[in-house]
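Enquirer: For what it's worth, our numbering labels the leading residue of the sequence shown as -19, then goes sequentially.
By construction, the Cβ of each residue, glycine as well, lies at the ideal position given by its N, Cα and C atoms.
Small disclaimer: the values here were computed from a predicted structure and weren't measured.
Structure below; questions to follow.
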Amino acid sequence: MINRKGEICIRGRNIMKGYHNKPQETQAAFRGEWFRSGDIGTMDEDGYLYIVDRLKDMIITGGENVYPREIEEILFQRPEVQECAVIGLPDREWGERVTAVIIPKPGQVLDAGKIKAYLKGRLSAFKVPKEYLMVKELPKSPTGKILKRELRKSVSLPLLKPGKDK
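Structure below.
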């Protein structure tokens, strides 16, 4: 569908037949002859496909889908942000709560209230992180990719909330 977000699924003669010696992963990756990429994308009127985010990184809060990459791209516009990751953490009321984990640039201090105000002007209210955490490093793979699953496991520290950070 045009301009609607959904999982990118592909088929064709050049698609792999499966994962080597991993029948369960192969079965999960295919729906009939369609390969489920795990990527969320949208297609414009001209047929161009845009990758929005990874399906496994999508946050569902209060029944709304939140794509972390959208928030991260806006956070990177802030002068005090060197690196960041947006994750969903369990929440009894909302299912998941949107949480921003930020590495500040050297010499910069995170002011969660200012960052939240900045995001409120650029995002729908349900996408604005409820919590902000300043860290010195993010868990990464050998290729430098942020390991969000590891980050979710490690975030059990007190989080900064707008107006309460020091």
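What is the residue span of the alpha helix (DSSP H) that Gln7 lies within?
Expert: Here the question's residue 7 lines up with position 27 in the sequence shown. Its alpha helix (DSSP H) spans residues Pro3 to Ala9.
Enquirer: Please report the Cβ distance between Val135 and Leu113, rounded to the nearest whole angstrom; I am assuming they are in contact, meaning their Cβ atoms lie under 8 Å.
Expert: Position 155 of the sequence shown, counted from the first residue, corresponds to residue 135. Position 133 of the sequence shown, counted from the first residue, corresponds to residue 113. Between Leu113 and Val135 the Cβ distance is about 6 Å, and since that is below 8 Å, they are a contact.
Enquirer: For Trp14 versus Arg(-9), is the C-beta distance shorter than 8 Å?
Expert: Here residue 14 refers to the residue found at position 34 of the sequence shown. Here residue -9 refers to the residue found at position 11 of the sequence shown. The answer is yes: Cβ separation under 8 Å.
Enquirer: Can you tell me whether Lys(-15) is helix, strand or coil according to DSSP?
Expert: Position 5 of the sequence shown, counted from the start, is the residue given in the question as residue -15. Three-state DSSP puts Lys(-15) in coil, outside helix and strand.
Enquirer: Rounded to a whole number of angstroms, what is the C-alpha to C-alpha distance between Lys133 and Arg11?
Expert: Position 153 of the sequence shown holds residue 133. Position 31 of the sequence shown holds residue 11. Spanning the two alpha carbons is a distance of roughly 30 Å.
Enquirer: Determine the burial state of Gly68: buried for a count of at least 16 other Cβ atoms within 10 Å of its Cβ, exposed for fewer.
Expert: Mapped onto the sequence shown, residue 68 falls at position 88. Buried: at least 16 other Cβ atoms inside 10 Å.
Enquirer: Tell me, to the nearest whole angstrom, how far the beta carbon of Val66 is from that of Ile83; I am working on the premise that it is less than 8 Å.
Expert: On the sequence shown, position 86 is the one that residue 66 refers to. On the sequence shown, position 103 is the one that residue 83 refers to. Not really, about 13 Å apart at Cβ, beyond 8 Å.
Enquirer: Using the Cβ count rule (16 or more neighbours within 10 Å means buried), how would you classify Ile95?
Expert: For the purposes of this step, residue 95 is identified with residue 115 of the sequence shown, where counting begins at 1. Answer is buried; the Cβ neighbour count reaches 16.
Enquirer: Which class does Gly(-8) belong to by DSSP, given the choice of helix, strand or coil?
Expert: Mapped onto the sequence shown, residue -8 falls at position 12. Reduced to three states, the DSSP call for Gly(-8) is coil.
Enquirer: Are at least three pairs of beta-carbons, each pair with one atom in the stretch -4 to 5 and one in the stretch 19 to 39, less than 8 Å apart?
Expert: No, the stretch -4 to 5 is not in contact with the stretch 19 to 39.
Enquirer: Between Asn45 and the rest of its own chain, which residues show a CB-CB distance below 7 Å, the 5 nearest in sequence each way excluded?
Expert: Residue numbering aside, residue 45 sits at position 65 when the sequence shown is read from its first letter. Closer than 7 Å at Cβ, skipping near neighbours: Met38.
Enquirer: Applying the 10 Å Cβ sphere with the 16-neighbour rule, what's the burial state of Pro109?
Expert: Residue mapping note: residue 109 aligns to position 129 of the sequence shown, counting from 1. Classification of Pro109: buried, given that the 10 Å Cβ count is 16 or more.
Enquirer: In the DSSP assignment, the beta strand (DSSP E) including Ala80 goes from what residue to what residue?
Expert: Here residue 80 corresponds to residue number 100 of the sequence shown, with the count starting at 1. Taken as a continuous stretch (DSSP letters only), the beta strand (DSSP E) holding Ala80 covers Gly75 to Pro84.
Enquirer: Measure the C-alpha to C-alpha separation of Ile100 and Ile54 and round it to an integer number of angstroms.
Expert: The sequence position of residue 100 within the sequence shown is 120, counting from 1. The sequence position of residue 54 within the sequence shown is 74, counting from 1. The displayed chain sequence assigns Lys, not Ile, to residue 100. Looking at the two C-alpha atoms, the distance is approximately 11 Å.
Enquirer: Give me the DSSP bridge partner(s) of Val46.
Expert: Here residue 46 refers to the residue found at position 66 of the sequence shown. DSSP, once it has assigned bridges, lists Ile39 as partnering Val46.
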